[in-house]
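Worksheet: one structure, shown below.
Numbering (the working numbering), first residue to last: 223 to 392.
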């Protein structure tokens with residue numbers, strides 16, 4: 223199965239062949255039909271990955287603080303090993319997609335194989351998605367339209383947190 227990944231250490235973006243996931247309890251397995259690119263978020267991740275280690279540190283001071291806390295608590299060798307492993311762990315890109323349910327994990331009753339869903343899922347041929355991060359698609363909505371659901375939901379949450387009403391200028 224193919225998935226778009228970001229190599230955090232080298233900054234290289236690519237498509238990687240990975241094993242297909244399994245439907246875990248409380249999750250659905252979705253075959254992607256469409257995936258939306260979030261230009262701001264994904265560009266930020268790609269730009270960050272391409273920076274030097276010092277550049278990454280300057281961009282993410284909270285992560286640097288956690289590294290220093292870990293140094294104090296666990297020592298230098300453990301911290302270096304964990305940070306190095308994190309830098310070598312490929313990061314899936316994307317978080318807003320639509321597709322068809324292939325399989326449901328145990329305790330999932332609201333979806334069934336064949337259902338058309340919008341989901342918070344990466345750019346991937348097949349994704350495992352928590353059932354609370356999926357929504358059934360209305361029959362009159364196309365996959366390419368539904369792929370924007372997660373992006374739109376995040377924007378709407380920003381409006382809610384700002385306590386602005388729909389229709390207000392902000």
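Think of the CB as a built atom: it goes at the ideal place given N, C-alpha and C, for glycine as much as any other residue. Predicted model, so just to flag it, every value in this text is computed and none were measured.
Nearest-angstrom beta carbon gap, residue j and residue i [assumed within contact, 8 Å]
| i | j | result |
| --- | --- | --- |
| residue 250 | residue 316 | The Cβ separation is near 17 Å, so there is no contact. |
| residue 238 | residue 344 | That pair is no contact at about 11 Å. |
| residue 368 | residue 224 | The pair is not a contact, with the Cβ atoms about 21 Å apart (cut-off 8 Å). |
| residue 281 | residue 273 | 6 Å |
Residue(s) in a DSSP beta bridge with residue i
| i | result |
| --- | --- |
| residue 276 | Its beta-bridge partners do not exist; DSSP assigns none. |
| residue 349 | 252 |
| residue 225 | 238, 346 |
| residue 358 | 339 |
| residue 232 | DSSP, once it has assigned bridges, lists no residue as partnering residue 232. |
| residue 257 | 319 |
Rounded separation between residue i and residue j - CA only
| i | j | result |
| --- | --- | --- |
| residue 353 | residue 244 | 14 Å |
| residue 393 | residue 253 | Because the chain here runs from 223 to 392, residue 393 falls outside it and cannot be looked at. |
| residue 263 | residue 379 | 16 Å |
| residue 277 | residue 269 | 10 Å |
| residue 258 | residue 319 | 6 Å |
| residue 298 | residue 314 | 28 Å |
| residue 375 | residue 332 | 20 Å |
| residue 388 | residue 372 | 18 Å |
| residue 240 | residue 283 | 32 Å |
| residue 236 | residue 392 | 37 Å |
| residue 360 | residue 304 | 44 Å |
| residue 310 | residue 358 | 36 Å |
| residue 261 | residue 355 | 21 Å |
| residue 381 | residue 362 | 26 Å |
| residue 279 | residue 285 | 7 Å |
| residue 390 | residue 265 | 29 Å |
| residue 308 | residue 377 | 29 Å |
| residue 275 | residue 324 | 40 Å |
Contacts around residue i, its chain only, beta-carbon distance under 7 Å, and the 5 residues preceding and following it disregarded
| i | result |
| --- | --- |
| residue 301 | 289, 292, 293 |
| residue 366 | 256 |
| residue 248 | 327, 329, 330, 352, 353 |
| residue 370 | 258, 318 |
| residue 295 | none |
| residue 386 | 392 |
Own chain partners of residue i with C-beta closer than 6 Å, once the 5 adjacent residues on each side are dropped
| i | result |
| --- | --- |
| residue 271 | 228, 230, 233 |
| residue 189 | Nothing about residue 189 can be reported from this structure: the residues present for the chain run from 223 to 392 only. |
Cβ-based neighbour list, residue i, same chain, cut-off 8 Å, excluding 5 preceding and 5 following
| i | result |
| --- | --- |
| residue 321 | 252, 253, 254, 255, 256, 338, 339, 341, 343, 349, 365 |
| residue 246 | 327, 350 |
query = Taking only runs of the beta strand (DSSP E) that begin and end inside the stretch 308-334, which ones reach a length of at least 3 residues, in chain order?
reply = 319-326
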